[in-house]
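Colleague: Protein sequences, first through last, are from chains A and B. Note that the working numbering has the first sequence beginning at 4, numbered continuously upward. Note that the working numbering has the second sequence beginning at 280, numbered continuously upward. Where a beta carbon is used, it is the ideal one built from N, C-alpha and C, also for glycine.
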Amino acid sequence: MGKNVLLIEDEPHIAEAIRYVLTRDGWQVASHGDGGDAIEVIRRSPPDVLVLDVMLPGRSGHEILADLRRDPAFSDLPVLVLSARGLQHMPEGATRVMAKPFANAEVVSAVRAMADARGRLE
Amino acid sequence: MIPFNILVGVCLTYVILLFGIAFAAERRARRGRIGWLRSPMVYTLSLSIYCTAWTFYGAVGYAARSGLEFVTIYLGPTLVFVGWWLVLRKLVRIGRTQRITSIADLISSRFGKSNLLGVVVTVIAVVAATPYIALQLQSVTLSFGVFASDRPEGWALPNVNGTAIWLAGGLAVFTILFGTRNLDANERHHGVVMAIAVEAVVKLVALLAVGIFAVWGVADGWQDVSARIDASPIADWPLMPGRWIGLTFLAGTAVLTLPRIFQVLVVENADERHLATASWAFPLYLMLMSLFVVPIAVVGLSVLPEGSNPDLFVLTLPLAMGQEQLAMLAFLGGFSSATSMVIVAAIALATMVSNHIVTPLWLYLRQGGARAPGDVRGLVLMSRRLSIAGIMALGYAYYSLSGGSAALAAIGLISFAGVAQILPAMIGGMFWRGATGRGAAIGLTVGFLVWIYALYLPSFGSGGLLSEAILTKGPFGIGWLRPHALFGIEGLDPLLHAVFWSLSLNTFCFIAVSLLTFPSPIERMQGLAFVNVYEQGPAPRGWSRGGAEAEDLLVMAQGILGAHEAQEFFQKEAAAQGKADFLPETTPDFIERLERRLAGTVGAATAHAMIAQFAVGAAVSAQDLMAVASEAQQILEYSIQLEAKSEELARAARQLSEVNDKLRDLSVQKDAFLSQISHELRTPMTSIRAFSEILMDPDLPGGMLQKYAEIIHEETIRLTRLLDDLLDLSVLEARKVQLNIKVANLHDLLERAVQSASNTRPERSFTYQRDLPMEHMPIITDTDRLVQVFINLISNARKYCDAARPELAISVRKRGGRLTVDFIDNGSGIPKKAQRLIFEKFARLTDTQRAGGAGLGLAICREIMVNLGGTISYLPGQGGAAFRVSLPVRPEVQLRQQQAA
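1. Quick check on the burial criterion: 16 or more other C-beta atoms within 10 angstroms. Buried or exposed for residue 1120 of chain B?
2. State the DSSP-derived secondary structure class of residue 589 of chain B, mapped to helix, strand or coil.
3. When you check each C-beta in the segment 964 to 977 of chain B against every C-beta of chain A, which residues fall closer than 7 angstroms?
4. Could you work out which residues of chain B lie near residue 99 of chain A, taking near to mean beta carbons separated by less than 7 angstroms?
5. Can you check whether the C-beta of residue 104 of chain A is within less than 8 angstroms of a C-beta belonging to chain B?
6. Measuring alpha carbon to alpha carbon, tell me which of B:325, B:537, B:319 ends up nearest residue 554 of chain B.
7. Could you have a look at residue 101 of chain A and say whether DSSP puts it in helix, strand or coil?
8. What does the alpha-carbon distance come out to for the pair residue 1162 of chain B and residue 691 of chain B?
9. Under 8 angstroms between C-beta atoms, does residue 65 of chain A make it to chain B?
10. Just to make sure I have the definition right: I need the residues of chain B whose C-beta is within less than 7 angstroms of the C-beta of residue 88 of chain A. Which are they?
11. For residue 1046 of chain B, write down the residues that DSSP places opposite it in a beta bridge.
12. When we look at the beta-carbon of residue 26 of chain A and count the other beta-carbons within 10 Å, is it buried (16 or more) or exposed?
13. For residue 10 of chain A, report the span of its beta strand (DSSP E) as first-last.
14. Would you say residue 990 of chain B faces chain A, with C-beta separation under 8 angstroms as the test?
15. May I ask you to check if the CB of residue 1135 of chain B is nearer than 7 angstroms to at least one heavy atom of the ligand COA?
16. Confirm, please, whether the CB-CB distance from residue 419 of chain B to residue 446 of chain B is below 8 angstroms.
17. Which residues in chain B sit within 7 angstroms of residue 20 of chain A, going by Cβ to Cβ distance?
18. Measuring CA to CA, which of B:977, B:718, B:804 is closest to residue 701 of chain B?
19. What three-state label does DSSP hand residue 911 of chain B in the structure shown?
20. With 7 angstroms as the limit, tell me which residues of the segment 70 to 86 of chain A have their beta carbon closer than that to any beta carbon of chain B; keep them in chain order.
21. Counting contacts by CB-CB distance shorter than 8 angstroms, is residue 52 of chain A in contact with chain B?
22. Starting from residue 349 of chain B, follow the alpha helix (DSSP H) in both directions and report where the run begins and ends.
23. Residue 1104 of chain B: buried (16+ other C-beta within 10 angstroms of its C-beta) or exposed?
24. Within the segment 522 to 583 of chain B, note down every full beta strand (DSSP E) run reaching 3 residues or more, in order along the chain.
25. Could you check whether the Cβ of residue 107 of chain A sits closer than 8 angstroms to any Cβ belonging to chain B?
26. Quick check: the segment 503 to 511 of chain B against the segment 560 to 567 of chain B, are at least 3 beta-carbon pairs closer than 8 angstroms?
27. In angstroms with no decimal places, state the Cα-to-Cα distance between residue 572 of chain B and residue 338 of chain B.
28. Helix, strand or coil, according to DSSP, for residue 434 of chain B in the structure here?
29. Output the distance between the C-alpha atoms of residue 595 of chain B and residue 887 of chain B, rounded to the nearest integer angstrom.
30. Can you tell me whether residue 107 of chain A is buried or exposed? The criterion is at least 16 other CB atoms within 10 Å of its CB, across all chains shown.
31. Going by alpha carbons, who is nearest to residue 659 of chain B out of B:1005, B:877, B:935, B:367?
32. Which ranges does the beta strand (DSSP E) cover as unbroken runs of at least 3 residues, wholly within the segment 981 to 1018 of chain B, from first to last along the chain?
33. Report, in whole angstroms, the separation of the C-beta atoms of residue 784 of chain B and residue 729 of chain B, which I expect to be a contact under 8 angstroms.
34. Use the C-beta contact count for residue 292 of chain B: other C-beta atoms within 10 angstroms, 16 or more gives buried, fewer gives exposed.
35. Counting along the chain, where does the alpha helix (DSSP H) carrying residue 376 of chain B start and finish?
36. Report yes or no: is there a C-beta of chain A within less than 8 angstroms of the C-beta of residue 961 of chain B?
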């Protein structure tokens, strides 16, 4: 039984690709396409790792992340931020950042690494 | 002998002819070829509505009864016109600068845009005009009767009342058809004025023909006529100086205060210089009209049997001599005189009733104000139509009540005396800044009541509306309150008696109350604008600050002026302020001009009230008036210069700040653009890379291969389309695009666009409202590019319109060499803040999935339109999302450029 990954991504094709590679790596992947109610979705079923797109309809990934970090329950949740606007600025609160387009293997290893790091802490 | 049917046939033919003339003139005017429609001669001839059937038939009767006294009716107006620069010029100037719609509007506007005064004047005018309209009905009915009587083999008039009722109904229909086509009184009634000018010619020719026939056909020339005059009682009439002066004064007053004369003199005036022509031409017309009055009277008296009605000599004289054609012409002359008067009077009175009574009442009842577009216009039109019918009905009622028996001249003078009550307020308002609204209201009311009591009610005859006892002994036996001997002054002619008392008390109250009361700020301001109308310079403003939302004002103005007029006005104002879109800054100056524009349609008081609901608290304050009140000429001049300078500065500043804003926006935009481009390119590339890596996986389940390859393919196309759009945009922006100019039918282009757009959200039912006949017009342009713009707008509507039953109205309009196509949907429209942004690159308002495109569509449309020599703009205030595409029908400039290249 693998761990849970929640994917917040509005582009359906990208979401499908990430879901495919992570599932193959043994993760349970849920995905959601809207930024407006993303926080509620995260609270309802807290994941082990969150993969978050920046440009989302409703609310941006930055805003969602900032909200999340204010909540003690999620202050140390591993978050991988995917950005399509280059990596000029590292979004505050992100555990890792990755530029689009990415290598699938990198996403998988990043998610693994973050989950492992957290597991060691606990 | 002329059978009844033929007579009616001739009348109908004549009316249809007039109708045709009015229609043709209206069409000409609409095509912008006003030219001779507005010559000083047409203006002068239209003034001839002063000469009604009363003048046409009644003057001869008057002469037969009272000798030369009838001349006073012509003398009064002649004096007023000869001295035109004294009062008339100022009146016309005020009417034009203040966009006055009627005489009630004039008084209301002058005294602080008070609607109460508008109502008082309207009531006076309607009551006073009623006998006059009855008089016209009576004269035409009488003239019909002439042909019916004394003819054993002939026909008898089936029913006198029947004739009058048909006549009143027919005139009401004609007036409604032509008088209420244009709503804005300042747009003027070209058709009606032209028809009236023609009628003026007909009545003059008819009267001259009968006169010439009387002098040379019946009598033996002038000498014989003058011998007959010496022998007739006309020579013996004593000259009564009191009555002469009184009647001349009354007639002169009437030409200023009769609502119908005011309509043609002031409201329909196209050019102030026409007055100069009218100042000699109109008296000349009157002189010609009066030239043969006495000869016809004398010859009639001597030829026709004892007891014939002298009011009908113009008809009976040729008939008695067997000249049926001439009698027919005379009949048409009288018919013309009556119809033209009734038509113009009904238009003028209906404007007053609808602007001062119906619309304010409706506004009051709605409380919330007229924010919904369209309904004001419909209401005003409907109320004008109903008012016309109502006024005709009143005229008919008076006719039936008064028994149609009194001599024509007597009825006419009663009307004159009634409207004369407006004179003190009018003259006082034009020349005396201290005059106040309360003074005017009280003066008018007192004068009006005295007139009603001393002249109007007695006119129904003793035992009519006033009992015999009141007439001879006074009410409750109080002798000094007898209608014909007020304050114990007896022996005076009843008419002069009433005129004297009503006008004296009116003027006294007006002056006394004005001196005792203090004008309100807005009254003071209007007083200045009226009294000093010749002084150039910025008009004092009624609004101290703007503050109203431009879009709210636009929605309201569209309701009153009509969508196109209002948009044009707003766009022009915005352009004058240096702004590019439809919404100007709501500066006090702009609001003032808007108010005046609206006043041209609904009157000053209503326009002021309607604006006030949007510019709450912005009405003029005492402080703003300090500048207005300062009378020192130097200060005024200095402040005028300053004002002009500061206005210029303000305009420059506004332009600068717009440019500055734009530059700043552009720089922000450039960064945003690069970042956006990056996002738009990276997104499909991400999918492509991710899925190609997945495809490289040797363990990929078989069914997935096909699916993932399709996704890669799809994303590649998306990428290509984005690059195409970007390239297209950069070529368009660099103005390097090769245009492929072709001739096409606009309808075909729209049809193509609608077809192509149909695959956007095809699952949803979507209705188009189109004006197919208008769409068929040739256009020379790059048709593919234009269709591209159309497709974009239609697809956007299909995509974003959020109505339950989405609809898109496509309307086409051609003006000059330009074509505009409006695309207006019934959704919730684009929020005001976003309206500025939508034509910018990547200015997508909703999320990617719904939009599908990259957000370059409208930016490309804008660039295409610039390349086609046109524009695309967002049209605010339409309810739904509204876009206007405007372009020249043939692109002259570009063609020349291409040829040169």
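Modeller: Answer, in terms of the structure:
1. buried
2. helix
3. 964, 965, 966, 968, 969, 970, 972, 973
4. Neighbours of residue 99 of chain A on chain B: none; closest Cβ ~17 angstroms, over 7 angstroms.
5. yes
6. B:319
7. strand
8. 57 angstroms
9. no
10. 954, 957, 958
11. B:1086
12. exposed
13. 7 to 11
14. yes
15. Annotation note on the ligand COA: not contained in the displayed structure, which lists no ligands.
16. yes
17. 966, 969, 970, 973
18. B:718
19. A caution first: residue 911 of chain B carries a pLDDT of 43, below 50, which makes its placement in the model too unreliable to give a value.
20. none
21. no
22. First-last for residue 349 of chain B: undefined, no H or E at that position.
23. buried
24. none
25. yes
26. no
27. 7 angstroms
28. Reliability fails at residue 434 of chain B, whose pLDDT of 44 lies under 50, so the model's placement of it is uncertain and the value that follows must be treated cautiously. If DSSP states are grouped into helix, strand and coil, residue 434 of chain B belongs with coil.
29. 54 angstroms
30. buried
31. B:877
32. none
33. 6 angstroms
34. exposed
35. 367 to 376
36. yes
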